[in-house]
Amino acid sequence: MKSKRVMAIAIGHDEIVGVKAYKIEGTAVLEDVIVQKRHSNKGTDVKEFFEYYGEVGISIGCVFESPLQSVYMETPMMHKIDQYLFAHREGKRIFQNEDFPNAIDFASRPGTTEELMCMLIVALERKQVKQVAQGIQQGGGDLRVIDYWPAPLAFSRGRESSMLCITPEEDKVRVSLWNDKFCTGHTLVSLDVNEVLEACKTVYEDSKQFQVPYPKGAIVVGFDETRSKAFESILETYGTIDQVPLHIVDKGEDYNPQNINHEMAFGLAIRLLTDGK
Numbered sequence: 257m258k259s260k261r262v263m264a265i266a267i268g269h270d271e272i273v274g275v276k277a278y279k280i281e282g283t284a285v286l287e288d289v290i291v292q293k294r295h296s297n298k299g300t301d302v303k304e305f306f307e308y309y310g311e312v313g314i315s316i317g318c319v320f321e322s323p324l325q326s327v328y329m330e331t332p333m334m335h336k337i338d339q340y341l342f343a344h345r346e347g348k349r350i351f352q353n354e355d356f357p358n359a360i361d362f363a364s365r366p367g368t369t370e371e372l373m374c375m376l377i378v379a380l381e382r383k384q385v386k387q388v389a390q391g392i393q394q395g396g397g398d399l400r401v402i403d404y405w406p407a408p409l410a411f412s413r414g415r416e417s418s419m420l421c422i423t424p425e426e427d428k429v430r431v432s433l434w435n436d437k438f439c440t441g442h443t444l445v446s447l448d449v450n451e452v453l454e455a456c457k458t459v460y461e462d463s464k465q466f467q468v469p470y471p472k473g474a475i476v477v478g479f480d481e482t483r484s485k486a487f488e489s490i491l492e493t494y495g496t497i498d499q500v501p502l503h504i505v506d507k508g509e510d511y512n513p514q515n516i517n518h519e520m521a522f523g524l525a526i527r528l529l530t531d532g533k
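So that you can map any letter, position 261 of the sequence shown is 517 in our numbering, and since no number is skipped, the others follow by simple counting.
So, in structure tokens, the structure goes:
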């Protein structure tokens with residue numbers, strides 16, 4: 257049975273990538289990949305992109321390149337309203353930025369005991385969130401989610417119980433550990449491979465308190481060929497995790513699994529197809 261179609265948009269530093277996808281019998285089908293060079297701010301670029309290539313009547317998701325601002329913690333069990341108040345209070349305290357006010361979001365799940373819960377608190381620059389949302393909504397788009405970078409990679413790689421994610425962030429490397437769709441730890445280090453390997457150990461050690469198992473593998477995505485080759489020792493140490501199976505039809509043949517913007521859009525499409533938001 258064919259699911260409803262979705263569209264996911266990833267706004268990278270130099271380009272915007274949009275994908276349209278649906279599911280048949282549990283397998284993702286990629287039917288269109290659209291790439292457009294960027295020339296202005298995120299809001300203007302995504303507005304123009306959606307006016308040309310967007311569709312009305314299907315679920316839309318968007319993710320844009322930005323520094324990872326998240327914290328994962330274990331707290332006593334709380335009701336939803338108390339979770340909301342706690343997350344926004346702690347989020348503003350941890351990620352306070354007077355020059356670039358942040359929008360705070362959160363997600364929660366059961367903790368290590370029945371009396372505890374785990375909470376993920378995420379911050380994105382409020383101005384950029386507003387620009388992106390307006391750009392899509394002004395074109396009539398049914399915007400369901402604005403995700404944070406690099407969260408869609410958890411979906412494109414199968415929501416593993418423990419996965420290391422190595423991605424570029426400006427002129428440094430972001431090392432993060434993912435448990436299902438939750439980032440349980442992350443750190444920012446230099447491009448030196450030894451520092452990256454040490455960071456992999458650190459984020460795992462920090463996540464052990466939440467009963468996160470040893471990494472099943474690692475992904476290195478978003479780097480040029482030379483840097484990717486230099487990071488091969490990371491994959492030799494932890495193993496690799498492939499992208500989830502997908503079927504490509506029509507204009508989906510333009511999908512480039514080596515391009516981080518393509519994979520971000522694909523992962524977000526998987527999220528929309530799986531969770532609906």
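Note that CB positions come from ideal geometry on N, CA and C, so glycine has one too.
Identify, in the order they occur along the chain, each residue of the same chain with its Cβ nearer than 6 Å to the Cβ of residue i, setting aside the five sequence neighbours on each side.
| i | result |
| --- | --- |
| Leu524 | Ala264, Gly317, Val319, Asp403 and Pro408 |
| Ile290 | Gly274 and Tyr309 |
| Met520 | Ala266, Val319 and Pro408 |
| Tyr328 | Leu376 and Thr440 |
| Arg527 | Phe411 |
| Lys279 | Ser259 and Leu529 |
Opposite residue i in the DSSP bridges: which residues?
| i | result |
| --- | --- |
| Cys456 | Note: Cys456 sits in no beta bridge, so no partner. |
| Ile504 | Leu286 |
| Ile265 | Gly274 and Cys318 |
| Gln465 | According to DSSP, which records beta bridges pairwise, Gln465 is partnered with nothing at all. |
| Ser432 | Cys421 and His442 |
| Leu372 | Pro332 |
| Ser326 | Val378 |
| Ile280 | Lys258 and Thr283 |
| Asp403 | Val319 |
| Gly473 | Met419 |
| Val291 | Val273 |
| Thr496 | Ala474 |
| Ala363 | Leu376 |
| Asn517 | Its beta-bridge partners do not exist; DSSP assigns none. |
Suppose contacts are defined by Cβ-Cβ distances below 8 Å. Is residue i in contact with residue j by that definition?
| i | j | result |
| --- | --- | --- |
| Glu307 | Lys507 | no |
| Val429 | His442 | no |
| Thr440 | Phe466 | yes |
| Leu324 | Glu425 | yes |
| Glu271 | Asn512 | no |
| Phe479 | Val449 | no |
| Ser489 | Val476 | no |
| Ala277 | Arg261 | yes |
| Ser463 | Leu380 | no |
| Thr458 | Ala474 | no |
| Ile337 | Lys348 | no |
| Gly397 | Val312 | yes |
| Leu433 | Leu420 | yes |
Starting from the C-beta of residue i, find all residues in its chain whose C-beta is less than 7 Å away, skip the five residues before and the five after it, and write them out in chain order.
| i | result |
| --- | --- |
| Arg355 | Per the sequence presented here, residue 355 reads as Asp, with Arg not at that position. Excluding positions up to five away in sequence, the list is empty. |
| Gly395 | Lys303, Phe306, Glu307 and Gly310 |
| Val537 | This structure does not reach residue 537, given that the chain is present from 257 up to 533, and the question cannot be answered. |
| Gln387 | Asn297, Lys298 and Gly299 |
| Ser364 | Gln339, Met373, Cys374 and Met375 |
| Leu491 | Ala474 and Val476 |
| Pro501 | Thr283 |
Taking residue i as the reference, which of the options has the closest Cα?
| i | options | result |
| --- | --- | --- |
| Thr493 | Leu453, Ser296 and Asn353 | Leu453 |
| Met375 | Ala284, Val275, Lys383 and Ser326 | Ser326 |
| Asn358 | Met334, Lys383, Ala521 and Glu346 | Lys383 |
| Ala284 | Ser463, Thr423, Gly414 and Tyr460 | Gly414 |
| Pro366 | Gly391, Gly282 and Pro332 | Pro332 |
| Val378 | Glu370, Gln393, Leu433 and Ile350 | Ile350 |
| His344 | Met329, Met334, Phe362 and Lys336 | Phe362 |
| Ala389 | Asp301, Leu502, Asn353 and Gly268 | Asp301 |
| Trp405 | Ile392, His335 and Ile267 | Ile267 |
| Ile504 | Glu370, Phe522 and Asn515 | Phe522 |
| Gln514 | Leu341, Lys258, Glu481 and Ile392 | Glu481 |
| Met334 | Lys279, Gly313, Leu420 and Glu371 | Glu371 |
| Thr368 | Val500, Ile392, Glu330 and Asp398 | Glu330 |
| Asp510 | Gln292, Glu461, Ser259 and His269 | Gln292 |
I'd like the list of long-range same chain contacts for residue i, defined as Cβ closer than 8 Å, with 5 residues on each side in sequence excluded.
| i | result |
| --- | --- |
| Ser417 | Asn435, Asp436, Val468, Pro469 and Lys472 |
| Gly532 | Ser315 and Arg400 |
| Glu281 | Met257 |
| His269 | Arg294 and Glu321 |
| Gln393 | Leu399 |
| Phe342 | Thr331, Met334 and Met375 |
Any chance the CB of residue i is under 7 Å from a heavy atom of the ligand NAP?
| i | result |
| --- | --- |
| Leu529 | With respect to the ligand NAP, the structure offers nothing, as it holds no ligand at all. |
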